[in-house]
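Residue numbers 115 to 497, in the numbering used here, belong to the letters of the sequence shown in order.
Don't be surprised by glycine CBs; every beta carbon is placed ideally from N, CA and C.
A quick write-up on the structure given underneath.
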Amino acid sequence: MITCVPKQIQRSPLPLRSMHAIASTRRRVLAVGLIGPGRVGSTLLDQLRTAQPRLARDSGLELKLCGVVASKRMWLDCDDAELNGRHDGAQVWRPNDLDAFAEHVRGSDGRHALLIDCSANDDVASHYAHWLAAGIHVVTPNKLAGSGPLSRWQEIRAACVGGARFRYEATVCAGLPVVQTLRDLLDTGDELQAVEGMFSGTLAWLCNRHDGQHPFSTLVREAHALGYTEPDPRDDLSGLDVARKLVILAREAGWPLSLEDVDLQGLVPEALATLPREQFMERLHELDAPMATRLAEARATGGVLRHVAHLDRHGHASVRLAVLPATHAFAHSRLTDNVVQFSTRRYCDNPLLVQGPGAGPEVTAAGVFADLLRIAESLAVKA
Ligand SMILES: NC(=O)c1ccc[n+]([C@@H]2O[C@H](COP(=O)([O-])OP(=O)(O)OC[C@H]3O[C@@H](n4cnc5c(N)ncnc54)[C@H](OP(=O)(O)O)[C@@H]3O)[C@@H](O)[C@H]2O)c1
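This is how it looks when you write it as structure tokens:
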């Protein structure tokens, strides 16, 4: 028998006073330290500041910004009236010292502490295991831990057994719910069979626009001018960033993949790979003929060219330019969209798709913020 609950009861919100009562009994304080106040990090700080009153009011969560560290220096006890009213005027500048920074954020009063790594630095990633073992939660959009040496990754996972949590949703397709979707599938007993995706907004845009009207190099220059590429477009064209995302997803599924296991076919010819950036940009036209040939091959079969990452349960992983049928889901992606397709035991005939913009400071910071909130949600109330 199915019981229907009247609509007005289903939708009736809690009276405001009850919400405030719940918020005050669930009051949790989370000490936060931000590593890397660059594009994503500073956008995240803005988002945290804006959300702070709502979080305190609706869910009893008080975020206490204790410090910010950049590549050369750090600020402790940040002077931020909204995020950290208690420390007003106490800002102190010092040279970068990650250990001292983490100790400062953790404090000595047994409080909840969380570090947000918004750098792209490997040395910072090397500290995660130590921080987690010390009980400090870590969230990050930095791909270097998830796709770096497997032994370091395993140490990081092992360091979480004490209860500290490590989350990294924004490492794959920025704010899109990709890692969490995979986690939910696995946690509910599904089995991953394959992942296929377009993980680079830049390469998706280039493939969408490459229709034979303009040389490929013209499109790369246009993407560069629009800020769609990294400062050195080879960082996108090499496919390395895409391979890193594939490794992160494989490890999430419990498959011990490393970067060197990925069959990576980049778009940059060997002769151009190590040139200084300016010389590479001058010789960009050398990509035109091979890309025109690939496009003609695709068209001869009625297909389209797409930059695709593929992973299956046998451990086969590849990143390459592929010819796909015009009916394929990836043939209809828009602009710089990322697409991830999970084939699982449950989603086998019709795979599960996650699609949308997969880069940019706003959506990436929001992905990091959502990770922070998931951790905060699980925190015990401390006196
Ligand atoms: N931008 C996106 O759309 C996007 C999308 C997905 C993922 N991500 C990832 O998000 C992260 C941040 O990207 P971003 O675009 O914000 O980069 P960014 O603007 O270059 O900022 C990087 C920040 O990291 C700091 N930093 C570097 N080394 C450090 C160290 N050893 N200790 C402390 N701080 C250090 C830099 O400090 P200085 O200011 O002193 O140089 C800078 O503030 C990267 O891992 C990136 O791969 C970005």
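_Whole-angstrom distance between M395 and N501, CA atom to CA atom_ = The chain is shown from 115 up to 497; residue 501 falls before or after that span and cannot be answered.
*Opposing strand residues paired with W189 [DSSP bridges]*: Counting from 1 along the sequence shown, the entry for residue 189 is found at position 75. According to DSSP, which records beta bridges pairwise, W189 is partnered with V182, W207.
*Do you know how far the Cα of G224 is from the Cα of T343?*
Position 229 of the sequence shown, counting from 1, holds the residue named residue 343. Position 110 of the sequence shown, counting from 1, holds the residue named residue 224. The alpha-carbon of T343 is positioned some 43 Å away from that of G224.
*What residues sit near ligand 3, counting only those whose C-beta is closer than 6 Å to one of its heavy atoms, in chain order?*
Only ligand 1 can be found as ligands here, which leaves ligand 3 out of the picture.
*When we look at the beta-carbon of H226 and count the other beta-carbons within 10 Å, is it buried (16 or more) or exposed?*
Residue numbering aside, residue 226 sits at position 112 when the sequence shown is read from its first letter. So H226 counts as buried.
*In angstroms with no decimal places, state the Cα-to-Cα distance between H201 and Y242.*
Within the sequence shown, numbered from 1, the residue matching residue 201 stands at position 87. Within the sequence shown, numbered from 1, the residue matching residue 242 stands at position 128. Confidence at H201 is low in this model, with a pLDDT of 43, below 50, so the placement of that residue should be treated as unreliable; the coordinate-derived value is given next. If you take the alpha carbons of H201 and Y242, they lie about 27 Å apart.
*Over what stretch of residues does the alpha helix (DSSP H) that includes T478 continue unbroken?*
Counting from 1 along the sequence shown, the entry for residue 478 is found at position 364. For T478, the enclosing alpha helix (DSSP H) has its first and last residue at 475 to 491.
*Does the distance from the C-beta atom of L435 to that of G326 stay below 8 Å?*
Taking the sequence shown and counting its residues from 1, the one referred to as residue 435 is at position 321. Taking the sequence shown and counting its residues from 1, the one referred to as residue 326 is at position 212. Not a contact, by the Cβ cut-off of 8 Å.
*For S261, which of helix, strand or coil comes out of DSSP?*
On the sequence shown, residue 261 is found 147 positions in, with the first residue counted as 1. Three-state DSSP puts S261 in a helix.
*Do V361 and S457 come within 8 Å of each other at the CB atom, strictly closer than that value?*
Stepping through the sequence shown from its first residue, residue 457 is reached at position 343. Stepping through the sequence shown from its first residue, residue 361 is reached at position 247. At the C-beta level, S457 and V361 stay beyond 8 Å of one another.
_Tell me the rounded alpha-carbon separation between P347 and R171._
The count along the sequence shown starts at 1 and reaches residue 347 at position 233. The count along the sequence shown starts at 1 and reaches residue 171 at position 57. Rounded to the nearest angstrom, the two C-alpha atoms are 45 Å apart.
*Beta carbon of L419, beta carbon of G380: below 8 Å?*
Position 305 of the sequence shown holds residue 419. Position 266 of the sequence shown holds residue 380. For the 8 Å CB-CB criterion, L419 and G380 do not form a contact.
*Would you give the residue range spanned by the beta strand (DSSP E) that L455 belongs to?*
Start at 1 with the first residue of the sequence shown, and residue 455 comes out as number 341. With the sequence shown as reference, residue 455 is identified as Gln, and Leu is not the correct amino acid for it. Note, Q455: beta strand (DSSP E), 451 to 458.
*Out of L425, V183, L467, S432, point me to the one whose CA is closest to A443's CA.*
Stepping through the sequence shown from its first residue, residue 443 is reached at position 329. Selected option, being the one with the closest Cα: L467.
*Could you name the residues of the same chain whose beta carbon sits closer than 6 Å to that of A364, not counting the 5 residues immediately before and after it, in chain order?*
To locate residue 364, count along the sequence shown from 1; it is residue 250. Within the same chain, A364 has close Cβ partners L371, L425.
*Out of D349, A406, M405, G368, which has the shortest C-alpha to C-alpha gap to P390?*
As a position in the sequence shown, residue 390 is number 276, starting the count at 1. Among D349, A406, M405, G368, the Cα nearest to that of P390 is on D349.
*Take N210 and list the residues in its own chain whose beta-carbon comes closer than 8 Å to its own, dropping the five residues that flank it on each side.*
Here residue 210 is taken as the residue at index 96 of the sequence shown, counted from 1. Apart from the 5 residues on each side of it in sequence, N210 sits with its Cβ closer than 8 Å to the Cβ of V183, A184, S185, K186, R187, M188 in its chain, given in chain order.
*Do the CB positions of L177 and V146 come within less than 8 Å of each other?*
Sequence index remark: in the sequence shown, residue 177 carries index 63 (1-based). Sequence index remark: in the sequence shown, residue 146 carries index 32 (1-based). Yes; because the gap between Cβ atoms is below 8 Å, this pair is in contact.
*For the region 303 to 374, list the alpha helix (DSSP H) runs that are entirely contained and at least 4 residues long, ordered along the chain.*
The region 303 to 374 contains these whole alpha helix (DSSP H) runs: 315 to 323, 330 to 339, 348 to 351, 354 to 366.
*Who pairs with F280 in a beta bridge, going by DSSP?*
As a working mapping, residue 280 is identified with position 166 in the sequence shown. Note: F280 sits in a beta bridge opposite V252.
_Separation of P255 from I489, as counted between CA atoms_ = Within the sequence shown, numbered from 1, the residue matching residue 489 stands at position 375. Within the sequence shown, numbered from 1, the residue matching residue 255 stands at position 141. Rounded to the nearest angstrom, the gap between the Cα atoms of I489 and P255 is 15 Å.
_Does A227 come out as helix, strand or coil in the three-state DSSP assignment?_
In the sequence shown, residue 227 corresponds to position 113, counting from 1. The DSSP-derived three-state label of A227 is strand.
*Alpha carbon to alpha carbon, how far is A498 from R142?*
Coverage of the chain is limited to positions 115 through 497, which leaves residue 498 absent and any answer about it impossible.
*What first and last residue would you give for the beta strand (DSSP E) that runs through A406?*
Within the sequence shown, numbered from 1, the residue matching residue 406 stands at position 292. Looking at the DSSP string, A406 is not in any beta strand (DSSP E); the run it does join, the alpha helix (DSSP H), is 402 to 414.
*Since I230 contacts V253 with CB under 8 Å, what's their CB separation in whole angstroms?*
Counting from 1 along the sequence shown, the entry for residue 230 is found at position 116. Counting from 1 along the sequence shown, the entry for residue 253 is found at position 139. The Cβ separation is near 5 Å, so the contact holds.
*DSSP state of A494, grouped into three classes?*
On the sequence shown, residue 494 is found 380 positions in, with the first residue counted as 1. Coil.
*Just the Cα atoms here: how many angstroms apart are P383 and A403?*
Against the sequence shown, residue 383 aligns to sequence position 269. Against the sequence shown, residue 403 aligns to sequence position 289. If I take the Cα positions, the gap works out to 12 Å.
*Segment limits, alpha helix (DSSP H) that includes V154*: Stepping through the sequence shown from its first residue, residue 154 is reached at position 40. Residues 153 to 173.
*Using 8 Å as the threshold, is the region 331 to 338 in touch with the region 230 to 240, meaning 3 or more CB pairs across them?*
Here the region 331 to 338 does not lie against the region 230 to 240, with fewer than 3 beta-carbon pairs under 8 Å apart.
*Relative to the alpha-carbon of A431, which residue among L486, L354, L290, M405 has its alpha-carbon at the smallest distance?*
Taking the sequence shown and counting its residues from 1, one reaches residue 431 at position 317. Closest by alpha carbon: L354.
*Name the DSSP bridge partner or partners of S240?*
In the sequence shown, the residue the question calls residue 240 occupies position 126. As far as DSSP is concerned, S240 takes part in no beta bridge.
*May I ask which residues mark the beginning and end of the beta strand (DSSP E) holding Q393?*
Translated into positions along the sequence shown, residue 393 becomes position 279. Counting along the chain, Q393 falls outside any beta strand (DSSP E), though it belongs to the alpha helix (DSSP H) covering 391 to 396.
_Just verifying my parser: in three-state terms, what is the DSSP assignment at R297?_
Taking the first residue of the sequence shown as position 1, residue 297 is located at position 183. In the structure shown, R297 sits in a helix (DSSP, three-state: H, G or I).
*Going by alpha carbons, who is nearest to I250 out of S265, N235, L228?*
Taking the sequence shown and counting its residues from 1, the one referred to as residue 250 is at position 136. Looking only at S265, N235, L228, the smallest Cα-Cα distance to I250 is reached by L228.
*Put R142 into one of helix, strand or coil per three-state DSSP.*
For the purposes of this step, residue 142 is taken as residue 28 along the sequence shown, with counting starting at 1. Per DSSP, reduced to three states, the secondary structure at R142 is strand.
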